[in-house]
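Structure first, commentary second.
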Amino acid sequence: MSFNMISTFLIAVALAMDAFSVSMTKGFTQKNLTNSQILYYGLFFGGFQAFMPILGYFCGNVIAHIVESLAPIVGFVLLLAIGFNMIRESLSGENEQVTDHFSFREVTLLAIATSIDAFAVGITIALINDPILISSAIIGVVTFMFSILGIFIGKKLGNYVGDKFQIIGGVILILIGIKILLGL
């Protein structure tokens, strides 16, 4: 089969949707994100989304069945924990400085949780003999752009809705986790 740029782009957009949703949530819950922190979100989400297909490509069918069965559970648990933590912080009445902080640990966990499905895409890319580096680069760049866009949209929405939007953000992360778990 020959390489199809349009199919790869559509796969990249589909993979970027979870990162976009999570980024939008972070945009409306973290009002004081700096431009460099926003860039970190894009780089982490895009970087993990680009790396996971490469990993899947080289791991191939050896561990595919194990990872495919565990990926939804791992993504669900990570997003569930982060979502419940956001809700807990919002309801606890902790001051704004405690709940509105940037954490590399959280960005990394979110990036992993939203990119696990890209591993399976890497296996598929290997099976159809598409070039992995080009495919991964497209996936990473699209996710990077969607993540940045999501944060800016979230910041705009957060300005209109107010401080308790963090509860909705936590619920959104939990729902994304459930979606991943159910394979929807």
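Heads up, the sequence shown is in the numbering used here, so the first residue is 1417 and it goes up one at a time. Note that CB positions come from ideal geometry on N, CA and C, so glycine has one too. Quantities reported herein were computed from a predicted structural model and do not represent experimental measurements.
Check whether residue i and residue j have beta carbons under 8 Å apart
{"i": "S1552", "j": "A1435", "result": "no"}
{"i": "F1444", "j": "T1530", "result": "no"}
{"i": "M1440", "j": "G1570", "result": "yes"}
{"i": "T1559", "j": "A1430", "result": "no"}
Inter-residue spacing [alpha-carbon to alpha-carbon] between residue i and residue j
{"i": "L1496", "j": "D1533", "result": "17 Å"}
{"i": "T1450", "j": "I1503", "result": "23 Å"}
{"i": "K1447", "j": "Y1457", "result": "14 Å"}
{"i": "P1469", "j": "S1423", "result": "15 Å"}
{"i": "F1568", "j": "N1545", "result": "37 Å"}
{"i": "C1475", "j": "I1594", "result": "26 Å"}
{"i": "Q1453", "j": "P1547", "result": "32 Å"}
{"i": "H1517", "j": "K1442", "result": "10 Å"}
{"i": "S1563", "j": "F1425", "result": "16 Å"}
{"i": "L1549", "j": "A1432", "result": "17 Å"}
{"i": "A1527", "j": "A1542", "result": "23 Å"}
{"i": "S1519", "j": "L1455", "result": "13 Å"}
Exposed unless 16 or more other CB atoms sit within 10 angstroms - verdict on residue i
{"i": "S1609", "result": "Outside the displayed range of the chain (1417 to 1600) lies residue 1609, so it cannot be described from this structure."}
{"i": "T1524", "result": "exposed"}
{"i": "L1486", "result": "exposed"}
{"i": "I1539", "result": "buried"}
{"i": "F1492", "result": "buried"}
{"i": "L1591", "result": "exposed"}
Whole-angstrom C-beta distance between residue j and residue i, which should lie under 8 Å
{"i": "F1535", "j": "G1472", "result": "4 Å"}
{"i": "G1463", "j": "V1587", "result": "Not quite, the Cβ-Cβ distance comes to about 27 Å (not below 8 Å), so this is no contact."}
{"i": "L1597", "j": "I1489", "result": "7 Å"}
I'd like the ranges of any alpha helix (DSSP H) spanning at least 4 consecutive residues and lying wholly in the stretch 1530-1575.
Entirely contained in the stretch 1530-1575, not one alpha helix (DSSP H) run reaches 4 residues.
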